[in-house]
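For the sequence shown, the residue numbers in the working numbering are 554 to 812.
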Amino acid sequence: MPKVAEWRPVRQSRTHELVLESIEEQVLAGHLKAGDRLPPERELAPALGVSRSALREALRVMETIGVLVANAGRGPDAGARIVQNPDGALGRLLRLHVALGSYSLRDVMEARVVLERSSFETAARSASEEELAEAAAVVERMQDPAISVAEFNDLDTRFHVHIARSSGNELTSTLTSAVRESVRSLILEAEEAAGDRWPETARGLNAEHTELMRLVRAGDGARAADLVEQHIRGFHGTLVVDDTATGHRRQADAGTLPA
């Protein structure tokens with residue numbers, strides 16, 4: 554018999570947070586899982602002993618953090634549903650924290666190095682040819698001189714996330730996507746600021762991506778890990794300068810542009 558969620562009234566102080574706690578308890582207990590729908594508002598609000606406005610506030614928070622999608626209207630697709638793809642939401646939240654100074658760009662760089670060293674080394678050991686073919690197709694598209702800087706930036710992100718996914722670790726993939734997303738706008742600004750230097754810079758980046766693909770396909774995880782670290786540190790070393798005295802960041806002259 555499948556487990557059935559049991560809803561109990563919650564305390565009234567900070568009501569929407571208590572609603573969140575109640576829903577979280579149902580997930581942790583196994584009563585709710587990805588793909589399940591929550592009861593309609595008219596049923597769930599009285600079951601929890603809260604107003605529908607407090608319930609909606611809690612559901613909006615869950616939608617923002619990427620664990621719930623709410624569809625308005627009627628019919629089989631209406632209502633709130635638990636989802637299992639937090640990549641975009643985590644990226645948005647991390648991007649805001651980076652912008653607010655919660656994490657320095659050095660912190661982001663070190664996180665990327667750890668995550669992507671692991672991804673490339675594991676992908677070289679265990680990724681399927683089908684998975685690697687998808688990553689290689691992205692690298693090939695990046696070599697088209699006619700693509701815009703913005704499209705190059707998108708493909709660049711897609712390549713790194715493809716490798717993370719091919720490593721077989723979903724959490725590593727999600728974190729890699731979120732960390733890369735958190736600095737996407739800074740990367741794009743640096744690329745666009747390159748001006749006449751951009752074609753040469755793009756060729757250099759493409760050469761590194763091509764070599765990374767070769768090493769992964771050859772099963773040389775150690776060298777792939779070393780190269781992706783060099784790839785990332787080269788970018789972070791020239792994109793920004795951290796002013797530790799004031800906490801302000803300013804864009805540096807990007808001689809070598811992003812990974």
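C-beta: ideal position from N, C-alpha, C; glycine also.
C-beta neighbour in chain B for residue i, strict 8 Å
i: residue 656; result: The structure shown has no chain B; it contains just one protein chain.
Three-state secondary structure (DSSP) of residue i
i: residue 801; result: Confidence is the limiting factor: at residue 801 the pLDDT is only 42, short of 50, which leaves the residue's position unreliable, though a coordinate-based value still follows. Residue state, collapsed to three classes: coil.
i: residue 622; result: strand
i: residue 700; result: coil
i: residue 569; result: helix
i: residue 582; result: coil
i: residue 721; result: coil
i: residue 757; result: helix
i: residue 587; result: coil
i: residue 632; result: strand
i: residue 574; result: helix
i: residue 560; result: coil
i: residue 681; result: coil
i: residue 728; result: helix
i: residue 671; result: helix
i: residue 738; result: helix
i: residue 771; result: coil
i: residue 747; result: coil
i: residue 644; result: helix
i: residue 604; result: coil
i: residue 653; result: coil
i: residue 593; result: coil
Rounded distance between the beta-carbons of residue j and residue i, thought under 8 Å
i: residue 720; j: residue 651; result: Not a contact, Cβ separation roughly 24 Å.
i: residue 732; j: residue 659; result: Actually they are not in contact, since the Cβ atoms of residue 732 and residue 659 sit about 13 Å apart, beyond 8 Å.
i: residue 725; j: residue 671; result: 6 Å
i: residue 728; j: residue 702; result: 26 Å between Cβ atoms; not a contact.
i: residue 765; j: residue 781; result: 6 Å
i: residue 774; j: residue 674; result: 4 Å
i: residue 677; j: residue 777; result: 5 Å
i: residue 611; j: residue 572; result: 4 Å
i: residue 763; j: residue 692; result: 6 Å
i: residue 737; j: residue 710; result: 6 Å
Candidates the options, of which the one nearest residue i by Cα
i: residue 635; options: 584, 771, 767; result: 584
i: residue 596; options: 608, 588, 730, 709; result: 608
i: residue 689; options: 767, 773, 782, 756; result: 767
i: residue 644; options: 559, 743, 730; result: 730
i: residue 668; options: 646, 693, 714; result: 714
i: residue 697; options: 675, 605, 756; result: 756
i: residue 771; options: 700, 570, 679, 575; result: 679
i: residue 684; options: 712, 762, 694; result: 712
i: residue 587; options: 619, 704, 763; result: 619
i: residue 592; options: 559, 606, 718, 581; result: 559
i: residue 706; options: 718, 717, 743, 723; result: 743
i: residue 617; options: 581, 649, 589; result: 649
i: residue 614; options: 787, 699, 568; result: 568
Residue i versus residue j - alpha carbon distance
i: residue 661; j: residue 653; result: 13 Å
i: residue 604; j: residue 647; result: 31 Å
i: residue 623; j: residue 633; result: 4 Å
i: residue 769; j: residue 686; result: 11 Å
i: residue 704; j: residue 694; result: 10 Å
i: residue 783; j: residue 606; result: 51 Å
i: residue 779; j: residue 578; result: 42 Å
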